[in-house]
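Residue 92 in the working numbering sits at position 60 of the sequence shown; the count goes up by one each step and never skips.
Even for Gly, the Cβ is constructed at its ideal location relative to N, Cα and C.
Below is one structure, written out as C-alpha cells, with a few remarks after it.
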Amino acid sequence: MHPHQHNHYQHQAHRMVHTHATAHAAAEPAAAHAGHAPALLRRRFWLSLVATLPVVLLASPLRHVLRLGTVPGEMIIVVVLSAFVYGYGGTIFLEGARDELRARRPGMMTLVALAITVALLYSLATTLGLPGEPFYWELTTLVVVMLLGHWLEMRAVGRAQQAVTALASLLPATAERVEPDGSVHEVPVTALQPGDIVLVRPGGRIPADGIVVDGESEVNEAAVTGESRPVPKHPASPVIGGTINGSGLLRIRVTRVGQASFLGQVMQLVAQAQQERTQLQALADRVAFWLTLIAVIVSGGTFAVWLAVSPLVTAVSRAVTVLVIACPHALGLAIPLVVALSSGLAARQGVLIRSRQAFERARLVDTVVFDKTGTLTRGQFAVAELALAPDWSEEQAIALAAAVEAGSEHPIAQAIVRRATERGIQLPSAEGVTALPGRGVAARVNGQQVVVGRPTLLAQVPAWLESALATWAERGVTVAVLIVDAQPAAAFALADEIRPESREAVERLQAMGLQVVMLTGDSWAVARTVATALGMTQVYAEVMPQEKHEIIRQLQRDGHVVAMVGDGINDAPALIAADLGVAIGAGTDVAIESADIVLVRDDPRDVVSLFELSRRTYRKMVENLGWALAYNVVAIPLAAGVLAPVGVVLPPAVGALLMSLSTIIVALNALTLRVGHHHGHEGHGAASS
C-alpha cells in the first residue's frame, strides 16, 4: 500500500463515523442517527459489558455453579447495573425502534427494544413484590450481545462518500493569471473567469478548461479521460482542468469554470449516481421484521391463553418469556460476524470492502466491465517492438536513444530508458540536450548528432520501416524514431504494457460463468490489440467518461448485474452506476471514493478472489440465518408453553441458555469461513502477494 494511500484510509476511518448515518439513512432507518458510529458503539459495548458481569454473577444460574455467598446490598447492585445497561447500552435500540416504527418498518431494533423494556419493567415489578422470576441477567446479556453484533456490523460497513471532494482536489488551489499589462499574479482557482489567460508551467496542473493560446507541450490526461498517451498540445488545442502539463510552458485562455467544466460535470454525475443508488436491504432485517410480528402475536396469544387457565402472574411470566426468548441474539450476530470475518479476510488479501451491501451483491454479478488503462494494463509505456536499419543492433539503438532521453520525465523517454536498464546496457553520455517541443529531443552523443522523436521528423520513410509502421498504425501504438547524423537508424513501438496477471484473471472470471467486457477511452486499434491478447470478445473503445456511465446503465437495462473495475477519475460515474464498483490499485482518490470495493494491489486476479469470497460469505450468512431461525422455531413455542400439558415448561433461564448455545453455533459456523478460505486461496495468495 502506498504511504499516501495508507493515510487516506486512516482518515477515511475517522470520517466514516459521521457519513455512515447519511449513507444508509434511506435504507435502514435504524442506522439513521449518529448513535451508530463505530467508536460510540465500541464504548457502549465495553461499559455495558463491565456492568453486566456483576449482574450475571449475582443473578444468573452461574451463581449456583460458582457457589457464591450472599453479597451485601446485592439486589440494589443488580437493579442499578441493569437499569444502567438498559439506559446507556439500550438507548441505541430504543432510538432505532423509534426510527423503525416511524418508517413503519419494525425490525430487529423494535424487537430488541420491546424485549429489554418488557424484561426491565417485569423484573422491577418482581423485585417490588410481584410473584415471579426477574430477567435482569437475560436483559443485560441481551443488550451486550446485540451491541457487540451492531458494533461489528458498523465497523465492517463503514463507508464514506467522498468522491466529490476528491474530484475537486484534482484542481490546483491557485493559478497564475496573466493580467492585461502582462504581469503574472497568483490567484485562487475560484477567482478565474472565462476569458482569463493563465500560465501553466512544466509539470503543473491545468487549473480550468481552456484553449492553448501560446506554447507547445504534451499533457497527461490519463486521470481524467483514460487516454494512456500524453496528448500533444499547441495553439488552439483544448485542455481540461485537472490534467498535468508536460515539458512545455503553456498560456491558456479559460473557457469553462466551476460546474460547467468537464470535472464539474463529472462531479455532478457522481453526486447524482450516489443519490440514486438503492440499498439492498439486509436479509436479517427482513427476517427480524417477521420475527417481531410473530413474537408480539405469539406473546399476546400466550398471555390470553394462560390467563384463561391460570393466575395473572403465570400469564405475564409466560408472555414475557416468549418476548425475551424470541429476541434473536444469534440472529443479531448471524450476519455481522460473517461480515466482520469476511471483511478481515478480504483486507488481508488486499480487498477493502467499503459497502457491505454491494459486497453482498457481488454474488449476483453476471457481467464484469474492466477499464483498460491502469487496470488490465500497467498504465505506463513500454517498448513493445523495434525496427532496425541494416547494420544496427538493438543494443546500439537503445544505448543512443536512452542516452538522449536519460534526463527526461516524458513517458516515452522513461520507457526507452527502462528498456536499457532491463537489458543492462551501459549508456554513453549525451551533450547539449535540447528539446524540440512537441516533436522530440536532440543531443550530441560520441560526436554524432542524435535525435529521438515523432515519425514526423523523418523526411521520408525508409524501406526497412514501411511494413512495421503500417502494422503499428493498425495496432494504435505510439512510435518514436531514432535519427543519427540525419539518417534513420531505428524505430520503437511503444505501448501501454498489459499486466501479466490480466489474462489469468479474465480466464478465471469466464470460468466462473461471468461475461467479461472491456471499456476504454483509448483508440479502437489499441483496445482490439489488448482484447485479443486477453481473450475478451466484448469491447467498447473511444468512450468518453459520461458515455461509460451510459454503457453501464445500458447493460443494466439489458438485465445484467454489472461490476465495474477501474482506476481513473473518468471511471468514477461508471463505478457508482454499476451494481458493484471496484477501484483497482492505488488508483486516483476519486475512483477509490466512488467504489464499493477497493483493491490495494494492481493485480486483476484480486477481482476473482473478491467474487469467490462474496459467494462464500453469502452462503455462510444463509446458513447462520438458518441456525438462528431454527432456534426460534423451537424455542418460541416451548416458551409459550405448548408442551405444558405434558409437563414441559421452558423456564426463562433455560431459554436464555439455549439462546447462548445458538449464538455459539452461529459464531463457530462463521469462523469456518476462514478455514474454507485458507484452502481455496493458497495458490493465488502465493502468486499475487
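Restricting to Cα atoms, I'd like to know which of the options is closest to residue i.
i	options	result
E211	L231, Y118, G164, V221	L231
P577	G598, V593, A557	G598
L607	E253, N277, E582, R130	E582
T399	V575, P262, I584	I584
A521	A543, T503, Q492	Q492
V117	Y154, W78, P104	W78
V484	D590, T407, H442	H442
L693	R261, A366, D228, I124	A366
A433	D423, R450, P422	R450
G509	A523, K265, D517	It should be pointed out that residue 509 corresponds to Val in this sequence rather than to Gly. Minimum Cα distance to V509 is reached at A523.
T695	A662, R285, V680	A662
A347	R706, A676, A467	A676
L203	S114, L153, L295	L295
L90	P166, W183, L160	P166
L373	K652, Y168, Q458	K652
Return the CA-CA distance between residue i and residue j, expressed in angstroms with no decimal places.
i	j	result
E536	P636	9 Å
E529	T409	5 Å
V401	E170	50 Å
A223	P469	31 Å
G280	R633	33 Å
L506	A416	Checking the displayed sequence, the identity of residue 506 turns out to be Glu instead of Leu. Computed Cα separation, rounded: 14 Å.
G164	I109	19 Å
A447	A414	5 Å
R283	L497	37 Å
R237	I272	10 Å
G464	N277	24 Å
S527	A254	According to the sequence provided, residue 527 is Ala. The question's Ser does not apply to it. If you take the alpha carbons of A527 and A254, they lie about 14 Å apart.
M550	A445	28 Å
R471	L612	43 Å
A563	E437	31 Å
K736	P532	Residue 736 falls outside the range modelled here, since the chain spans only 33 to 721, and no answer is possible.
Q313	G139	Annotation note: pLDDT 39 at Q313 (below 50); position unreliable, coordinate value reported separately. Looking at the two C-alpha atoms, the distance is approximately 12 Å.
E218	V263	26 Å
V330	T324	10 Å
N478	P460	7 Å
Q311	T407	Note that Q311 scores 36 on pLDDT, short of 50, meaning its location in the model is unreliable; the coordinates nonetheless yield the value given after this. Roughly 27 Å separates the two Cα atoms.
T649	P93	36 Å
What whole-angstrom Cβ distance do residue i and residue j have, given they're in contact under 8 Å?
i	j	result
A268	V244	7 Å
V639	L514	Not confirmed; about 39 Å, so no contact.
L363	V328	About 16 Å; that fails the 8 Å criterion.
R647	R395	5 Å
P226	V289	6 Å
A543	A559	Not confirmed; about 23 Å, so no contact.
V175	G122	5 Å
I629	A390	7 Å
L642	L377	Contact doesn't hold; Cβ gap of about 11 Å is too wide.
A429	L420	6 Å
Using the beta-carbon count (16 or more within 10 Å), is residue i buried or exposed?
i	result
E60	Confidence at E60 is low in this model, with a pLDDT of 34, below 50, so its placement is unreliable and the value that follows should be read with caution. Answer is buried; the Cβ neighbour count reaches 16.
S155	buried
T334	buried
E250	buried
W338	buried
W322	exposed
Q481	exposed
L179	buried
S349	buried
L703	exposed
T488	exposed
For residue i, which residues does DSSP report across the bridge?
i	result
T206	P220
Q547	T399
M596	V401, G613
E392	The partner list for E392 (beta bridge, DSSP) is empty, contrary to what the question assumes.
N252	I276
I448	Note: I448 sits in no beta bridge, so no partner.
P722	There is simply no residue 722 to check, as the chain begins at 33 and stops at 721 in what is shown.
A475	V482
F167	In DSSP, F167 forms no bridge with anything.
E417	A525
T409	I530
D635	None; D635 has no bridge partner.
T466	A474
L384	V630
L282	V232
G242	V271, V286
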